[in-house]
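Encoded as structure tokens, the structure appears first; notes follow it.
Chains as they are written, first to last, in this note's numbering: chain A, 1 to 266; chain B, 1 to 266.
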């Protein structure tokens, strides 16, 4: 069992005194955090795992998460409701609860990802240096728990530098530190793994995600994932962030957009 | 009351024998359809109206809709549940039901749209001919009920033509036929008003939306809205469509991405 599978494992309450097969127990791992708060993509992956199991479908296709309050590491539950089970897809409402409070409300449409090669692609993989020539956590003193599990490399041209603001675009690579291959669920981690792109504008600080909607487009081939995230509009303290993820063959495997609040310096 | 306000009006069951203040009745207007099915953006606008009323917030900020089955014109209800009412935003789960079947499940994060001018924008309004020089429904025999209420003009360079396939990009203008100004809710119509962009690849046919997530970024100024939609990846019968909407001052007022199925020729 990979580190990612373990950290996002869910257990159906199919028996025992608390029997309720629509509820999945999960142990949130505080190791997958940034600044003590479990990463949003990590949470979406665990919730989508419960949702796809509830729907009995192999893959998440569309995942829409609205963030209510950040959970802490520790026990939590995913309450699921299969809203429709159709021929092509099934749709599940899945809500993460902790201490009797809803933390993250999610709609998941699940099904089988296509294996066929794309008929059309208009977002080619960005050109950037290979992972070995990119920024890694060895290049900073800032400690991010998540990076114990996820190997993130940033294109040096897009590393945030308060002394040298640039366009709000961050590119890089993602792998899992234990060497396991990222699967469709791990793509939900990949769409949220870049530092907030507004850091590139000098707007440094905790930037909470309010909503994140992701499309998973294909099961990734083994190897590094490439990602690119950019902000289109920063206004009144809000910004959007659009992310695309490619696998090692250059195929687009995930797309996402999130709405987040610009952080205040801490 | 504008035509759009009337067609998307919701009535809270605050009294009477069916008293339940979390339920809103709505009369879906078949006039806002394409091929007999009420338009997805129209449905999202009516549902978001109920959600913002339930949350007692002026505007939808992030709206994520998962489409379960197409409703018909006629009576329907929006069942709402306020998941969190916070200082900055409130999140509501709102589901459209008709004939005791869930048709469209939606999460809405609502709040107040910023009035401040953007600090950063990286998606300028596309250059295209003015509405009077664009394609309108007068240029086709194909009847679309929605166009009785919504005035859609397409940049001639992006009008789908089976004889001349092109990139899956469609640009144009949108206005309301009764001359009323589009408000924040009407932007949910604007993000879904372009013909499916895969039409430009020659893939003509009913292309059902499976999921659509929209961000509303500002209350639009009066006047024509400009939109641009494009598909990034078409694979295995699935395509994404990314849409941006600008108001008459050139401000980005909405962004959305949807997942849809490529249509089969009917």
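Backbone N, C-alpha and C fix where the C-beta goes; we use that ideal spot for every residue, glycine too.
None of the values given here were measured: they were computed from a predicted structure.
Worksheet item: For residue 60 of chain B versus residue 108 of chain B, is the C-beta spacing smaller than 9 angstroms?
Response: It is a contact, given that the beta carbons lie within the stated cut-off.
Worksheet item: How long is the line joining the alpha carbons of residue 54 of chain A and residue 100 of chain B, rounded to whole angstroms?
Response: One alpha carbon belongs to residue 54 of chain A, the other to residue 100 of chain B, and they sit about 22 angstroms apart.
Worksheet entry | Backbone secondary structure at residue 26 of chain A - three-state DSSP | DSSP places residue 26 of chain A in strand when its eight states are reduced to three.
Discussion item. Taking 9 angstroms as the threshold (beta carbon to beta carbon), is residue 163 of chain A in contact with chain B?
Written reply: no
Practice prompt. Just tell me which of B:139, B:228, B:241, B:212 has its CA closest to the CA of residue 252 of chain B.
Written response: B:228
Item to complete: Give a yes or no on whether the minimum CB-CB distance between residue 120 of chain A and chain B is below 9 angstroms.
Response: yes
Discussion item. Nearest by alpha-carbon distance to residue 72 of chain B: which of B:31, B:179, B:50, B:116 is it?
Written reply: B:31
Worksheet item: What are the boundary residues of the alpha helix (DSSP H) that residue 3 of chain A is part of?
Response: Here the alpha helix (DSSP H) through residue 3 of chain A covers 3-7.
Discussion item. For residue 169 of chain B, tell me which candidate among B:34, B:94, B:194, B:75 has the shortest Cα-Cα distance.
Written reply: B:194
Worksheet item: Which chain A residues sit within Cβ distance under 7 angstroms of residue 91 of chain B?
Response: 66, 68, 105, listed in chain order.
Worksheet entry | Neighbour flag for residue 199 of chain B against chain A, beta carbons, 9 angstroms | no
Worksheet item: Does the beta-carbon of residue 112 of chain B have 16 or more other beta-carbons within 10 angstroms, so that it is buried, or is it exposed?
Response: exposed
Worksheet entry | Sequence-distant residues of the same chain with beta carbon closer than 7 angstroms to residue 14 of chain B, five excluded per side | 21
Item to complete: Kindly indicate the opening and closing residues of the alpha helix (DSSP H) around residue 53 of chain B.
Response: 40-55
Practice prompt. Measuring only between beta-carbons, confirm whether residue 239 of chain B sits less than 9 angstroms from chain A.
Written response: It does; some Cβ of chain A falls within 9 angstroms.
Discussion item. Quick check on the DSSP output: the alpha helix (DSSP H) that includes residue 188 of chain A runs from which residue to which?
Written reply: 187-190
Discussion item. Between B:182, B:240, B:176, which has its C-alpha nearest residue 207 of chain B's C-alpha?
Written reply: B:240
Item to complete: Entirely within the segment 71-112 of chain A and at least 3 residues each: give me those beta strand (DSSP E) ranges in chain order.
Response: Every beta strand (DSSP E) of 3 residues or more that sits fully in the segment 71-112 of chain A is shown, in chain order, as 74-85, 90-98, 101-111.
Item to complete: With 9 angstroms as the threshold, decide whether the Cβ of residue 194 of chain A is near any Cβ in chain B.
Response: no
Fill in: Neighbourhood of residue 218 of chain A by C-beta distance below 6 angstroms, restricted to the same chain and skipping five residues each side
So the qualifying residues of the chain are 113, 251, 253.
Discussion item. Within a Cβ cutoff of 7 angstroms, which residues of the same chain sit near residue 121 of chain A, ignoring the five residues on either side of it in sequence?
Written reply: 252
Practice prompt. Note down, in chain order, every chain B residue with its Cβ under 7 angstroms from the Cβ of residue 255 of chain A.
Written response: 232, 240, 257
Discussion item. Within a Cβ cutoff of 8 angstroms, which residues of the same chain sit near residue 75 of chain A, ignoring the five residues on either side of it in sequence?
Written reply: 25, 26, 27, 28, 98
Discussion item. Just verifying my parser: in three-state terms, what is the DSSP assignment at residue 157 of chain B?
Written reply: helix
Discussion item. So with CB distances below 8 angstroms, who are the chain B contacts of residue 125 of chain A?
Written reply: The premise fails here: residue 125 of chain A is roughly 12 angstroms from chain B at the closest Cβ pair, so nothing lies under 8 angstroms.
Discussion item. Counting only beta-carbon separations shorter than 9 angstroms, does residue 51 of chain A have a partner in chain B?
Written reply: no
Discussion item. Is there a C-beta anywhere in chain B that falls below 9 angstroms from the one on residue 236 of chain A?
Written reply: yes
Worksheet entry | Helix, strand or coil at residue 31 of chain A [DSSP, three-state] | Reduced to three states, the DSSP call for residue 31 of chain A is helix.
Practice prompt. Please list, in chain order, all residues of the same chain as residue 4 of chain A whose beta carbon is under 6 angstroms from its beta carbon, the five residues on each side excluded.
Written response: 176, 186
Fill in: Closer than 7 angstroms at the beta carbon, the chain E residues around residue 109 of chain A
Any reference to chain E falls outside this structure, whose protein chains are A and B.
Discussion item. If you reduce the DSSP assignment to three classes, tell me which class residue 230 of chain B lands in.
Written reply: The DSSP-derived three-state label of residue 230 of chain B is strand.
Worksheet item: beta strand (DSSP E) containing residue 201 of chain B: first to last residue?
Response: Where residue 201 of chain B is concerned, there is no enclosing beta strand (DSSP E), given that its DSSP letter is neither H nor E.
Discussion item. Taking 8 angstroms as the limit between beta carbons, can you name the residues of its chain near residue 134 of chain B, skipping five residues before and five after?
Written reply: 128, 153, 154, 155, 156, 172, 173
Worksheet item: Just how far apart, CA to CA, sit residue 106 of chain A and residue 44 of chain A?
Response: 8 angstroms
Discussion item. I want to verify the contact list: residues of chain B whose CB lies under 8 angstroms from the CB of residue 114 of chain A, in sequence order.
Written reply: 235, 236, 237, 238
Fill in: For residue 102 of chain B and residue 11 of chain B, the rounded distance between their alpha carbons
Distance between the alpha carbons of residue 11 of chain B and residue 102 of chain B is about 19 angstroms.
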